[in-house]
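A.B. asks: Here it is, the structure in full.
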Amino acid sequence: MNSGVQNLVISLGAMQLARKIPFDDPDVLLYVRIGYVLSQVIVLGAYYYVSMAIKKKNDQTVLKYVEPASPMSQDEPKLITTTYRDYDLSETSKLLRSVYMGLGMMGVMHLYFHFTQPLFIQALMGVKNLYDAKPVALYILGKPATGDLKRPFKAASMFGPAAGPATDAAAISEAEKRIVKKEE
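Position in the sequence shown (first residue = 1) + 3 = this note's numbering.
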């Protein structure tokens, strides 16, 4: 079962469970708030640790891939040349931005609109997303960079095979030729 389906199942299960939690009780609400904050601190701490591990390892292996163009734009695919270190740091940065956006949205939903169930659900989903994060699998869980963990990472899709950057020699060669033609 892929990550998107797992997230959906966990969210639906957590929503059913959250209906049974008496959020009207101030003590229960306090514990749910503490659980949410604690889960977010764990997630942020793990991503900080991963970024420190990436910098410590300092893997300067060159990584070339062709980033597909946005479906809504007329742009051509871009050739990206980077290192494993820089790629992993950028992926970790994307994960951190995702956590910060979730914190902001949860702050508005809970503090302004007084929703309480999402605190419980997001506490669970934050830890689940941490487990699914590819840099965490590489640098904390110590899994080898093969299959789904091979760089560049493929984006998980709920409705089909994972899509992502092209790494084959033909796509890279074609992108390099396009760059040379533009420079001439």
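Glycine included, every Cβ here is placed at the ideal spot set by N, Cα and C.
Between TYR142 and MET112, what straight-line distance do the alpha-carbon atoms span, to the nearest angstrom?
C.D. replies: The alpha-carbon atoms of TYR142 and MET112 are separated by roughly 33 Å.
A.B. asks: What's the C-alpha gap between ILE45 and ARG181?
C.D. replies: Looking at the two C-alpha atoms, the distance is approximately 45 Å.
A.B. asks: Taking DSSP as the reference, what is the three-state secondary structure of THR95?
C.D. replies: In this structure, THR95 counts as helix in the three-state DSSP scheme.
A.B. asks: On the DSSP letters alone, give me the boundaries of the beta strand (DSSP E) that GLU79 sits inside.
C.D. replies: Counting along the chain, GLU79 falls outside any beta strand (DSSP E), and DSSP gives it neither H nor E.
A.B. asks: If you drop the 5 nearest sequence neighbours on each side, which residues of the same chain put their C-beta closer than 8 Å to that of LEU127?
C.D. replies: These residues qualify, in order along the chain: ILE13, ALA17, SER42.
A.B. asks: Please classify ILE24: does DSSP put it in a helix, a strand, or coil?
C.D. replies: Reduced to three states, the DSSP call for ILE24 is coil.
A.B. asks: Flag this pair as yes or no: are the beta carbons of THR84 and PHE26 separated by less than 9 Å?
C.D. replies: No; because the gap between Cβ atoms is not below 9 Å, this pair is not in contact.
A.B. asks: Using only alpha-carbon positions, find the residue among ILE24, PRO74, ALA56 that is nearest to GLY167.
C.D. replies: It is PRO74.
A.B. asks: What residue range does the beta strand (DSSP E) around LYS67 cover?
C.D. replies: 65-70 is the extent of the beta strand (DSSP E) around LYS67.
A.B. asks: In the DSSP assignment, the alpha helix (DSSP H) including TYR115 goes from what residue to what residue?
C.D. replies: Run containing TYR115: none; DSSP gives neither H nor E here.
A.B. asks: Start and end of the alpha helix (DSSP H) containing PHE123?
C.D. replies: Start and end: 120-135.
A.B. asks: Work out the CA separation of VAL40 and ALA169 for me, nearest whole Å.
C.D. replies: Cα to Cα, the separation comes out at about 38 Å.
A.B. asks: Output the boundary residues of the alpha helix (DSSP H) element that contains ALA178.
C.D. replies: It spans 172-186 - the alpha helix (DSSP H) in which ALA178 sits, taken as one unbroken run.
A.B. asks: So if DSSP puts ALA56 in a beta bridge, which residue, or which two residues, is it bridged to?
C.D. replies: In DSSP, ALA56 forms no bridge with anything.
A.B. asks: Quick one: Cα of LEU133 to Cα of VAL139, how far?
C.D. replies: Approximately 7 Å between the Cα atoms of the pair.
A.B. asks: Whole angstroms is fine: what's the gap from GLY38's alpha carbon to ALA178's?
C.D. replies: Rounded to the nearest angstrom, the two C-alpha atoms are 48 Å apart.
A.B. asks: Quick check on the burial criterion: 16 or more other C-beta atoms within 10 angstroms. Buried or exposed for MET55?
C.D. replies: The residue in question, MET55, is exposed, as its Cβ has fewer than 16 Cβ neighbours within 10 Å.
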